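If you read the protein sequences in the order shown, they are chains A and B.
Its first residue numbered 0, the first sequence is counted upward by one per residue in numbering that gives the first Met the number 0.
Its first residue numbered 0, the second sequence is counted upward by one per residue in numbering that gives the first Met the number 0.
Idealized CB from N, CA, C, for every residue including glycine.
If you're wondering where the values come from, they're calculated on a predicted model, not measured in any experiment.
Protein chains: 2
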Amino acid sequence: MNQTAAAQLFKALGDPLRLQIVQRLSHGAALCLGELSKDLGISRQGARKQIQALVSANIVQLHPAGREVKVQLDATALAQGRAFIARLEAQWDQRLQALKQFTEQ
Amino acid sequence: MNQTAAAQLFKALGDPLRLQIVQRLSHGAALCLGELSKDLGISRQGARKQIQALVSANIVQLHPAGREVKVQLDATALAQGRAFIARLEAQWDQRLQALKQFTEQ
DNA sequence: CAAATATGCAACCATATGGTTGCATATTTG
DNA sequence: CAAATATGCAACCATATGGTTGCATATTTG
């Protein structure tokens with residue numbers, strides 16, 4: 000996962016409403032668009048836009064079924080995001096180690 | 000780290016330029032504002048705004064030193080963000096486990 | 001101390017974002 | 001098949017965002 004892709008992922012996660020949607024999907028049953036749009040405090044069409052943002056960021060997948068559209072979490076994007084942050088932290092730790100060695104000389 | 004705080008963190012990371020700044024800070028030496036602003040393709044004042052966004056999200060700290068201002072990464076925010084994602088993944092895995100048991104019955 | 005350097009602050013601007021309303025359409029269901 | 005349900009699409013709007021330019025100020029340095 001390169002910088003641009005990571006930025007897109009984090010951008011999609013960087014909204015309380017979208018994060019709430021992801022959280023609901025992570026521990027609830029499979030929901031369709033309408034159910035998922037409830038209790039968000041905005042209109043169905045508004046919610047749909049946010050869900051679309053998650054789809055575009057590959058965080059969520061849509062599966063049409065009859066007149067409904069099921070929404071499903073795709074955890075691989077989350078894992079990649081976590082790995083990206085972990086790499087940043089690793090670089091930082093390395094730098095601190097090098098700094099420590101330097102000051103101990 | 001609650002949902003709102005996590006969203007703010009991810010939002011701050013959700014921009015290629017800011018992510019580039021974070022990456023540079025993670026493996027480079029301590030930089031002052033001016034140095035950090037170079038090679039970003041935007042003006043110093045523009046870069047400063049992005050750095051301020053990172054400061055507001057507690058990803059980065061500023062330390063004035065004479066006429067310079069040193070910029071330093073604070074990895075704790077990154078760790079919290081990683082933990083937040085990890086928790087989402089854990090919930091998702093639990094759900095998959097439960098689903099598996101259900102279908103195997 | 002004068003010049004160079006590093007930064008801050010404010011006004012401004014185009015575009016992106018997060019939401020709305022109104023209406024059309026496809027699928028189920030009684 | 002008519003009514004109910006789930007969704008899609010488009011136009012619109014206020015505000016946030018990501019950048020700019022211009023100028024002021026504080027600190028170093030020769």
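Item, Value
"Short Cβ contact (7 Å threshold) for Val59 of chain A with Val70 of chain A", "yes"
"Gly80 of chain A burial status per 10 Å Cβ neighbour count (16 or more: buried)", "buried"
"Burial state of Thr52 of chain A, where buried means 16 or more other Cβ atoms lie within 10 Å", "A small fix is needed here, since residue 52 of chain A is Ala in this sequence, not Thr. Looking at its Cβ environment, which holds 16 or more other Cβ atoms inside 10 Å, Ala52 of chain A is buried."
"Backbone CA spacing between Lys48 of chain A and Pro63 of chain B [nearest angstrom]", "43 Å"
"Nearest-angstrom Cβ-Cβ length linking Glu19 of chain A and Leu39 of chain A, presumed shorter than 8 Å", "Looking at the sequence shown, residue 19 of chain A is not Glu but Gln. Yes, Gln19 of chain A and Leu39 of chain A are in contact; Cβ-Cβ is about 7 Å, under 8 Å."
"4 or more residues per run - each alpha helix (DSSP H) lying fully within the stretch 5-60 of chain A", "15-26, 32-36, 43-55"
"Sheet register partners of Gln71 of chain A (DSSP bridge)", "A:Gln60"
"Spatially closest choice to Val21 of chain A from A:Ala5, A:Met0, A:Ile41, A:Val54, by CA coordinates", "A:Val54"
"Cβ shell of Ser25 of chain B (< 7 Å), same chain only, five flanking positions each side left out", "Leu72"
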